[in-house]
Amino acid sequence: MAIGTLSEVVLDCPDPVALGDFYAEILGWKVVHEADDWVTISGDDGGIKLAFQLAPDYKPPVWPDAEHPQQFHLDIRVPDLAKGTADVLALGAVKHHHQPGQGDGFIVFLDPAGHPFCLVD
């Protein structure tokens, strides 16, 4: 029996509004809460939410460097990997130089705050 239910995943970042807008655009979600130090986005189903918390001294992970590990990453499934790539790059993502599964159906990117995420076909 579960003790609780996952309600949201929270990412530290230097600009919660900008990062919230970035992921809302990728996922087709909307901002459901916005404050100076916290932004929450959610899909229409009201399921799991993503939140972005102000961390003034935020330092992005340096992956795959074990000294500054990624800690976690998001996998975002897309129907067309090439189109998804073009779309996230246009939003400000950067394709990571390290691509461990080249040709295995996923591509690693960094969001505008430096968090790794993958587009998966």
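When we follow the working numbering, the leftmost residue of the sequence shown carries the number 1, and every step to the right adds one.
Glycine included, every Cβ here is placed at the ideal spot set by N, Cα and C.
Here the structure is a predicted model, which means the values were calculated and not measured.
Cβ pair Phe109, Ala90 closer than 7 Å:
No, they are not a contact pair.
Please report the straight-line C-alpha distance between Ala66 and Phe72, rounded to a whole angstrom.
Each residue's alpha carbon lies about 13 Å from the other.
Measure how close the beta-carbons of Pro16 and Val39 come, nearest whole angstrom, since I'm counting them as under 8 Å.
Yes, they are in contact, since the Cβ atoms of Pro16 and Val39 sit about 4 Å apart, within 8 Å.
Strictly by DSSP, which residues pair up with Trp63?
DSSP lists no beta-bridge partner residue for Trp63.
Grab me the residues of Val88's own chain with a C-beta within less than 7 Å of its C-beta, minus the 5 sequence neighbours each way, in chain order.
The answer, listed in chain order, is Ile26, Phe109 and Leu119.
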